[in-house]
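Take any residue in the sequence shown, count from 1 to its spot, add 352: that is its number in this note's numbering. Just so it is clear, CB atoms sit at the ideal spot from N, CA and C, and this is done for glycine as well. From a predicted model like this one, the values you see are computed outputs, not experimental measurements.
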Amino acid sequence: MAAEILSAEQAARLVRARDTLAVPLGPGQPPAFLHALGERDDFEDLQVSAALLVDAFRLFERDGVHLTSGFYGPVERMLAQRGLDVRFLPADFRRFAPVLEKLRPRVMATAVAAPHPDGPFSLSLHAGATVEALRACGRDPERLLVAEVNARLPYTLGLPPEHTHALSIDEIDVLIHVDRPVIALPAREPGEIEERIAAHARAFIPPTATLQTGIGAIPDAVVRVLAEAGGGEYGIHTEMFTDSLMHLHRSGQVVDRKGLYDGVSVATFAAGSRALYDWLEGNERVRFLPVHVVNDPSLIGRNRDMVSLNGALSIDLYGQVAADTIGGRQHSGIGGHEDFTAGAGLPYAGRSLICMPSTVDAGGETVSRIVARLDPGMLVTTPRHQLEVVVTEHGAVDLEALDVEARARALIGVARPDLRDGLAAAWERGPRGG
């Protein structure tokens, strides 16, 4: 049966007052459809599964609407602060797929790019964990698959035949056609601290490295250093494709001789500027694969000279990394943090770098991000046995092969200098394992 073409408002009326709905993470979300749902006020029990909301959708302010998010961004944090019904699903990005299989939402909705002539609808900026779930929904006559076609989304590619990164017209129940700006991320110029961190991190990145980078000023600064240095022959195998990786491509230093998916850069989603989206249009050098492939530690570890660059909110002197909670409150999500830290740390794979400023301003008080022990409300994102290199603006330490006491001293050595004595004293006062 051919897909039915409806307006966003008409499609929104197909969702029942008591229903289940799932949308992809971030850039895979269909904004017009979600905004249209927010115009309704008759929901009795609508259970929505999502992650990293890209807009302040009114839907989640409505009575009877309950949001479960696998990754908090600014919108989820705002909803939680206002006391609205948003709950965190503790799962890394790879586990979103089996979660969706168990939940089996009646309605799924995704953004897609306009097809090439007689071709399928590209999933554009997001492959993630929903590809197979979307297809399963479309095959089931009792369920509803909605695809929002945005003329401004880039048509991106997978790696067929196994990973087509597309939906055919026969797999879709309802099509919504829109022409609206794609939500872009504001650029942030690295400051002095980020540049100092990048300079320290550079020593651990060989010119033949396969790179994974996250978003933010620190990974941007690191990649900028690489682009400006020249002489690199880099590969890219990353969860998220960003503007900085586009600039590295443009510098002529990405060759993608990785030993795995050679010849192309691999990602599972992209977010950044409008310039990035234009560059990705039809770009055969970048391929989008499902997250169960991209974030598989055993595959990550097969890449030549794999180097992962991740951040953290806090690290204790044991080496436990807290990257997604602050004071017991959910701040972000687990994502691929542990997967890439583990994958890059596999024997002979490469290096895993955790890069962060040494302090944070908390209500006018300077607080060390390196702490003797994690506060009771801080939850471990990545365990101590997977931590390798920690980088701050004060230096970098390689913790591999260091015992408990030695790694504590090393971590104190990259804390802010005037806070080091306090850390050492707190370490000596407390119980220590090993």
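Cα-Cα separation between residue i and residue j, rounded to whole angstroms
i	j	result
F692	D394	43 angstroms
A573	P538	15 angstroms
A355	L509	22 angstroms
T420	D770	42 angstroms
I524	S474	13 angstroms
A627	L431	30 angstroms
G729	Q672	14 angstroms
E757	L436	44 angstroms
L511	E745	39 angstroms
G765	D676	24 angstroms
Below-9 angstroms beta-carbon distance, residue i vs any chain C residue
i	result
R392	Within the model displayed, chain C is absent; a lone protein chain is all it includes.
Proximal residues to residue i (C-beta, below 6 angstroms), its chain only, five neighbours per side dropped
i	result
A579	H599, L600, S603
T594	I567, G624
D630	none
P467	F473
Cβ distance (whole Å) where residue i is taken to contact residue j below 8 angstroms
i	j	result
S710	R721	6 angstroms
T372	P457	4 angstroms
V526	V498	5 angstroms
E500	A463	5 angstroms
E396	A360	Incorrect: roughly 22 angstroms between the Cβ atoms, too far for contact.
A622	P379	7 angstroms
C-beta atoms of residue i and residue j nearer than 9 angstroms
i	j	result
V723	L641	no
L519	P559	no
A553	P506	no
I528	L358	yes
I588	V618	yes
G679	D614	no
V534	L486	no
L734	A694	Inspection of the sequence shows that residue 734 is occupied by Thr rather than by Leu. Contact flag set, yes.
V427	F440	no
Host alpha helix (DSSP H) of residue i (start-end)
i	result
V638	Taken as a continuous stretch (DSSP letters only), V638 belongs to no alpha helix (DSSP H), being part of the beta strand (DSSP E) at 638 to 640.
F440	Per DSSP, F440 belongs to no alpha helix (DSSP H); it is in the beta strand (DSSP E), 438 to 440.
H601	595 to 602
E717	No alpha helix (DSSP H) holds E717; the beta strand (DSSP E) holding it covers 717 to 720.
E500	Taken as a continuous stretch (DSSP letters only), E500 belongs to no alpha helix (DSSP H), being part of the beta strand (DSSP E) at 496 to 502.
Cβ-based neighbour list, residue i, same chain, cut-off 8 angstroms, excluding 5 preceding and 5 following
i	result
R446	A481, V643, H644, N647, D648, G688, D691
L661	A553, L563, Q564, T565, G566, I570, P571, V574, L705, C707
A803	No statement about residue 803 is possible, as the shown extent of the chain runs from 353 to 786 and does not include it.
G582	S603, Q605
R532	P383, A384, N502, R504
V616	L511, D608, E636, R637, V638, R639
R576	P542, A550, S596, H599
Segment limits, beta strand (DSSP E) that includes residue i
i	result
S421	417 to 421
M708	It is not in any beta strand (DSSP E) - M708 carries neither H nor E in the DSSP assignment.
G747	747 to 750
I521	That residue, I521, is in no beta strand (DSSP E); it is neither H nor E in DSSP.
T562	562 to 565
M658	658 to 662
Q362	Not the beta strand (DSSP E): Q362 falls in the alpha helix (DSSP H), residues 360 to 364.
Close beta carbons around residue i, own chain, < 7 angstroms, minus the five adjacent residues each side
i	result
L411	L386, L389, G390, V417
C489	M460, R495, L497
R654	G611, L612
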